[in-house]
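A.B. asks:
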Amino acid sequence: MKLRPQNLVFGGALVVLMMFTLFPFYWAIVASLTPEAALFRDPSLWPTHIIFDHYRALFDERDFITPIRNSLIVAGTTTFFCLIVGTLAAYALARLEFRGKAAIMAFILAVTMFPQISIVSPLYLLLRALHLIDTYPGLIMPYMTFAMPLTVWVLTGSIRQIPKDLEEAAHVDGASRRQSFTKILLPLAVPSLATTGILTFIYCWNEFLFALSFTLGPERQTVPVAIALFRGQYQVPWGQILAAAVVATAPVAVMVLVFQRRIVQGLTAGAVKG
Amino acid sequence: MARIALDHVDKTYPNGYVAARDLSLEIADGELLVLVGPSGSGKSTVLRMMAGLEQVTAGAIRIGERDVTELPPQQRDIAMVFQNYALYPHMTVRENLGFGLMMRKQPRDVINRRVDAVAASLGLDALLDRKPAQLSGGQRQRVALGRAIAREPLAFLFDEPLSNLDAQLRVETRVELARLHRKLGATMVYVTHDQSEALTLGDRIAILKEGVLQQVATPMELYEHPGNKFVAGFIGSPSMNFFDGALTRTGAGGMCTFRGADLTIRVPCEPATSERVFLGVRPQHLEVVGETAVGEGSLSAEVGVVEPMGNEQIVYLTVPSGGRVVAVAPVQPRIVPGEKVSVRVRPEGLHIFDAQTGKRIGK
Chain A
96 MKLRPQNLVF GGALVVLMMF TLFPFYWAIV ASLTPEAALF RDPSLWPTHI
146 IFDHYRALFD ERDFITPIRN SLIVAGTTTF FCLIVGTLAA YALARLEFRG
196 KAAIMAFILA VTMFPQISIV SPLYLLLRAL HLIDTYPGLI MPYMTFAMPL
246 TVWVLTGSIR QIPKDLEEAA HVDGASRRQS FTKILLPLAV PSLATTGILT
296 FIYCWNEFLF ALSFTLGPER QTVPVAIALF RGQYQVPWGQ ILAAAVVATA
346 PVAVMVLVFQ RRIVQGLTAG AVKG
Chain B
173 MARIALDHVD KTYPNGYVAA RDLSLEIADG ELLVLVGPSG SGKSTVLRMM
223 AGLEQVTAGA IRIGERDVTE LPPQQRDIAM VFQNYALYPH MTVRENLGFG
273 LMMRKQPRDV INRRVDAVAA SLGLDALLDR KPAQLSGGQR QRVALGRAIA
323 REPLAFLFDE PLSNLDAQLR VETRVELARL HRKLGATMVY VTHDQSEALT
373 LGDRIAILKE GVLQQVATPM ELYEHPGNKF VAGFIGSPSM NFFDGALTRT
423 GAGGMCTFRG ADLTIRVPCE PATSERVFLG VRPQHLEVVG ETAVGEGSLS
473 AEVGVVEPMG NEQIVYLTVP SGGRVVAVAP VQPRIVPGEK VSVRVRPEGL
523 HIFDAQTGKR IGK
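Protein chains in written order, with the working numbering: chain A, 96 to 369; chain B, 173 to 535.
#1: Taking just the CA atoms, how far does G209 (chain B) sit from G399 (chain B)?
#2: Buried or exposed: M412 (chain B), going by 16 or more other Cβ atoms within 10 Å of its Cβ?
#3: To the nearest angstrom, how far is it from the Cα of D281 (chain B) to the Cα of A343 (chain A)?
#4: Determine which residues of the stretch 256-275 of chain B have a Cβ less than 8 Å from any Cβ of chain A, and write them out in chain order.
#5: Helix, strand or coil for E484 (chain B) per DSSP?
#6: Shorter than 8 Å from the beta carbon of M252 (chain B) to some beta carbon of chain A?
#7: Closest Cβ-Cβ distance between Q246 (chain B) and chain A: below 8 Å?
#8: Which bits of chain A does A223 (chain B) rub up against, with CB to CB less than 9 Å?
#9: Taking the continuous alpha helix (DSSP H) assigned at K215 (chain B), which residues delimit it?
#10: Answer yes or no: does any C-beta atom of chain B fall closer than 8 Å to that of A197 (chain A)?
#11: Please report the distance separating the alpha-carbon of P237 (chain A) from that of R220 (chain B).
#12: V449 (chain B) lies in the beta strand (DSSP E); which residues open and close that run?
#13: Nearest by alpha-carbon distance to Q247 (chain B): which of A:D268, A:T277, A:F193 is it?
#14: Counting only beta-carbon separations shorter than 8 Å, does P282 (chain A) have a partner in chain B?
#15: Kindly indicate if chain B contains any beta-carbon less than 8 Å away from that of G369 (chain A).
#16: Using the Cα positions of A292 (chain B) and P480 (chain B), report the straight-line distance between them to the nearest angstrom.
#17: Name the residue from A:A340, A:Q330, A:S253 whose alpha carbon lies nearest to the alpha carbon of R190 (chain A).
#18: For A473 (chain B), which residues of its own chain have a beta-carbon under 7 Å away from its beta-carbon, when the five flanking residues on both sides are left out?
#19: Assuming contact is defined by CB atoms lying nearer than 8 Å, are A378 (chain B) and A358 (chain B) in contact in what I supplied?
#20: Does DSSP put E242 (chain B) in a helix, a strand or coil?
#21: Does H365 (chain B) come out as helix, strand or coil in the three-state DSSP assignment?
#22: Determine, using beta carbons only, whether P258 (chain A) comes closer than 8 Å to chain B.
#23: Would a C-beta distance cut-off of 8 Å place L329 (chain B) and M222 (chain B) closer than the cut-off?
#24: Where do the ends of the beta strand (DSSP E) carrying C428 (chain B) lie?
#25: Going by other Cβ atoms of all chains shown within 10 Å of its Cβ, with 16 needed for buried, is G369 (chain A) buried or exposed?
#26: If we count the other Cβ atoms within 10 Å of its Cβ and call it buried at 16 or more, is F525 (chain B) buried or exposed?
#27: Spatial neighbours of V247 (chain A) within its chain, please: C-beta separation below 6 Å, excluding the five flanking residues on both sides.
#28: Excluding sequence positions up to five away, which residues of its chain have a Cβ less than 8 Å from the Cβ of I233 (chain B)?
#29: With DSSP collapsed to three states, give me the class of A258 (chain B).
#30: For S213 (chain A), which of A:L304, A:L178, A:P142 has the nearest alpha-carbon?
#31: Let me know the secondary structure DSSP gives Q328 (chain A) once reduced to three states.
#32: Is the Cβ-Cβ distance between P162 (chain A) and V318 (chain A) less than 8 Å?
#33: At 7 Å on the CB atoms, spell out the chain B contacts of S271 (chain A), in chain order.
#34: Tell me whether the stretch 361-369 of chain B and the stretch 306-321 of chain A touch, counting them as touching only if at least three CB pairs, one residue from each stretch, are closer than 8 Å.
#35: Residue ranges of each beta strand (DSSP E) run of no fewer than 3 residues wholly in the stretch 233-279 of chain A, ordered along the chain?
#36: Assuming S196 (chain B) is part of the beta strand (DSSP E), what are its boundary residues?
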């Protein structure tokens with residue numbers, strides 16, 4: 096790239112935009128490394144004297160491992176089942192002929208249209224009747240309901256784009272319907288599976304309202320709930336809260352980076368049109 | 173290898189579209205039959221019914237001695253080459269070639285040996301570890317062929333396999349296919365809309381129009397004795413010229429006179445000759461003779477467009493009644509657009525079709 100005026104302007108604009116979007120993250124990291132006192136007395140844009148007290152407190156004074164474990168279990172399990180059920184549903188919706196297909200698609204989407212807050216109470220009563228309050232399934236099941244529409248819609252769209260010829264060729268080559276699904280369709284759908292998987296995982300990882308309502312104590316609380324409950328009656332431990340935010344964001348960021356690579360790989364190697 | 177037989181097959185789609193009507197057709201063991209017809213004639217559907225990718229509405233299909241009408245594709249033991257090749261994009265060439273054998277649970281060393289042999293015979297050895305996206309169109313075409321061959325199926329089905337190739341590669345691959353057919357001695361059904369492909373490849377050609385079989389015959393038979401007006405117009409390039417007119421018996425010599433708006437000519441009479449007919453003449457049987465008096469067996473015309481083809485020129489003419497006529501003339505003498513000429517009809521190249529039914533009259 097040559098150093099031309101328009102490139103300089105473009106580059107400058109990119110830098111400004113990046114500063115704008117990345118500043119909150121930067122500030123969270125800086126603040127999580129700054130002593131509480133300094134944070135309020137003379138906040139500085141640059142970390143002056145770095146300390147790891149907040150992080151230490153997170154794992155020594157508080158038990159931050161438990162919420163992370165809870166979040167991983169809940170988000171991971173939800174994503175896993177969501178992908179399995181979603182893929183099967185999407186396959187049927189994309190490939191099979193049956194009546195009322197459009198109605199089913201609309202119905203699936205309708206689930207997401209309820210404001211979460213409006214169904215918290217009935218859902219609470221339902222889960223209590225099933226003795227699922229303060230359990231992992233008590234969170235996983237509502238999460239699946241809410242994450243499923245996205246999974247089904249995205250996967251249906253992407254399966255529709257995979258040429259039908261490929262499965263027909265597999266049939267003629269001797270593959271059963273199940274084999275053409277697992278050996279042809281599924282590998283080609285991996286990029287979209289990764290995308291929907293990430294989105295589902297992030298949704299579950301960040302979800303707050305259900306997690307707060309359907310858990311009772313620290314045993315089953317997820318990360319967002321745990322962070323929110325850091326606030327004491329008289330003070331807000333900002334340093335710890337931001338340290339927790341950094342710790343909670345890290346796995347998601349790592350996962351996205353890892354899978355993103357997979358997505359790009361899948362797209363270039365896949366090049367569907369024969 | 174095996175023969176394929178269609179027995180009174182009907183295919184009606186749920187939306188009422190009829191793709192095949194009372195279709196009976198038999199492909200002999202080792203024969204290459206070309207199914208040809210304009211788009212929408214149902215030829216691809218017929219092929220897909222043989223493969224089991226479409227269900228028949230009525231009738232039966234047999235491959236070898238087995239009735240496969242109700243069998244799914246994976247149990248029919250046939251191979252198919254798709255128009256867009258349908259290579260598995262996530263698999264290497266080797267895996268693509270071996271997929272059918274793998275599905276049939278062949279041991280790994282058998283698969284490898286077979287894949288290597290097929291790759292060598294198609295010149296794909298160097299490409300075995302590539303993915304389809306890294307191949308050229310011609311190479312993909314050969315992988316698709318190889319995938320079909322590797323399995324040694326009972327029969328091969330081709331669905332317009334050459335239509336995505338450029339002109340030169342198409343001719344080369346056509347020759348390659350003919351050679352392959354001779355080498356394997358396999359039963360093949362080949363679908364195309366290109367009549368020249370049909371003529372050059374087929375042992376026999378089956379012509380379809382709107383789901384109805386028009387004629388099944390060898391290429392020469394189709395060209396020389398087209399069974400009806402549709403076949404006559406479809407086979408041969410440029411297309412046959414048609415003149416409509418009336419036949420009247422003249423004298424007792426078994427001859428008739430055809431009288432049309434632009435052309436009068438004596439033709440052999442048949443006992444069952446109808447009154448209103450189409451007279452068909454191939455462009456190769458029209459002779460552009462320069463401006464002379466027009467009499468029986470010739471017509472006057474004005475030259476519209478001339479397409480020089482190197483070894484001949486295709487002349488598009490307008491006759492006095494306003495109709496269009498195409499003639500193929502030698503390169504010399506040059507024919508100039510706008511010129512007034514006479515066109516002589518060679519008596520050996522006449523075809524007569526009933527005006528109502530379109531059926532051929534006479535031999």
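Yeah, the Cβ is synthetic: ideal placement off N, Cα and C, and Gly gets one too.
A quick note: this is a predicted structure, and the numbers were derived from the prediction, not measured.
C.D. replies: For this structure:
#1: A straight line joining the alpha-carbon of G399 (chain B) with that of G209 (chain B) spans about 15 Å.
#2: Counting other Cβ atoms within 10 Å of its Cβ, M412 (chain B) reaches 16 or more and is therefore classed as buried.
#3: When rounded, the distance between both Cα atoms is 50 Å.
#4: Per Cβ criterion, the list reads N256, Y257, A258, L259, Y260, P261, H262, F271, G272, M275.
#5: In the structure shown, the three-state DSSP call for E484 (chain B) is strand.
#6: For M252 (chain B), the nearest beta carbon of chain A is closer than 8 Å to its own beta carbon.
#7: Interface residue, yes.
#8: Those are E263, H266, V267, listed as they occur along chain A.
#9: Taken as a continuous stretch (DSSP letters only), the alpha helix (DSSP H) holding K215 (chain B) covers 215-223.
#10: Answer no: the Cβ-Cβ gap between A197 (chain A) and chain B never drops below 8 Å.
#11: Cα to Cα, P237 (chain A) sits roughly 45 Å from R220 (chain B).
#12: Run containing V449 (chain B): 448-453, per the beta strand (DSSP E) assignment.
#13: When the alpha-carbon of Q247 (chain B) is set against those of A:D268, A:T277, A:F193, the nearest one is in A:D268.
#14: Flagged as an interface residue toward chain B: P282 (chain A), by a C-beta distance shorter than 8 Å.
#15: With a pLDDT of 37 at G369 (chain A), under the threshold of 50, the modelled position of this residue cannot be trusted; read the value that follows with caution. For G369 (chain A), the nearest beta carbon of chain B is closer than 8 Å to its own beta carbon.
#16: Here the alpha carbons of P480 (chain B) and A292 (chain B) stand approximately 42 Å from one another.
#17: Checking every option, the nearest Cα to that of R190 (chain A) belongs to A:S253.
#18: Once the five neighbours on either side are set aside, the close Cβ partners of A473 (chain B) are L489, T490, V491, V497, V513, V515.
#19: Contact flag unset, no.
#20: Looking at E242 (chain B) - three-state DSSP - the assignment turns out to be coil, as it is neither helix nor strand.
#21: DSSP places H365 (chain B) in coil when its eight states are reduced to three.
#22: Flagged as an interface residue toward chain B: P258 (chain A), by a C-beta distance shorter than 8 Å.
#23: Cβ atoms of L329 (chain B) and M222 (chain B): closer than 8 Å.
#24: That run of the beta strand (DSSP E) goes 427-432.
#25: Note that G369 (chain A) has pLDDT 37, beneath the 50 cutoff, so the model's placement of it is unreliable and the number below is only indicative. With 16 or more other Cβ atoms inside 10 Å of its own Cβ, G369 (chain A) counts as buried.
#26: Under this definition F525 (chain B) is a buried residue.
#27: Same-chain partners within the cutoff: G181, A184, A185, I203.
#28: Around I233 (chain B), the same chain offers I176, A177, L178, D179, V181, M221, M222, D239, V240, T241 as residues with beta carbons nearer than 8 Å, after the five sequence neighbours per side are excluded.
#29: Correct three-state label for A258 (chain B): coil.
#30: Of A:L304, A:L178, A:P142, the residue nearest in Cα terms is A:L304.
#31: Coil at Q328 (chain A), not helix or strand.
#32: Yes, Cβ-Cβ distance for P162 (chain A) and V318 (chain A) is below 8 Å.
#33: Per Cβ cutoff of 7 Å: Q246.
#34: Pairwise C-beta distances place the stretch 361-369 of chain B out of contact with the stretch 306-321 of chain A, as fewer than three of them are shorter than 8 Å.
#35: As far as the stretch 233-279 of chain A is concerned, it has no whole beta strand (DSSP E) run of at least 3 residues.
#36: Its beta strand (DSSP E) spans residues 190-199.
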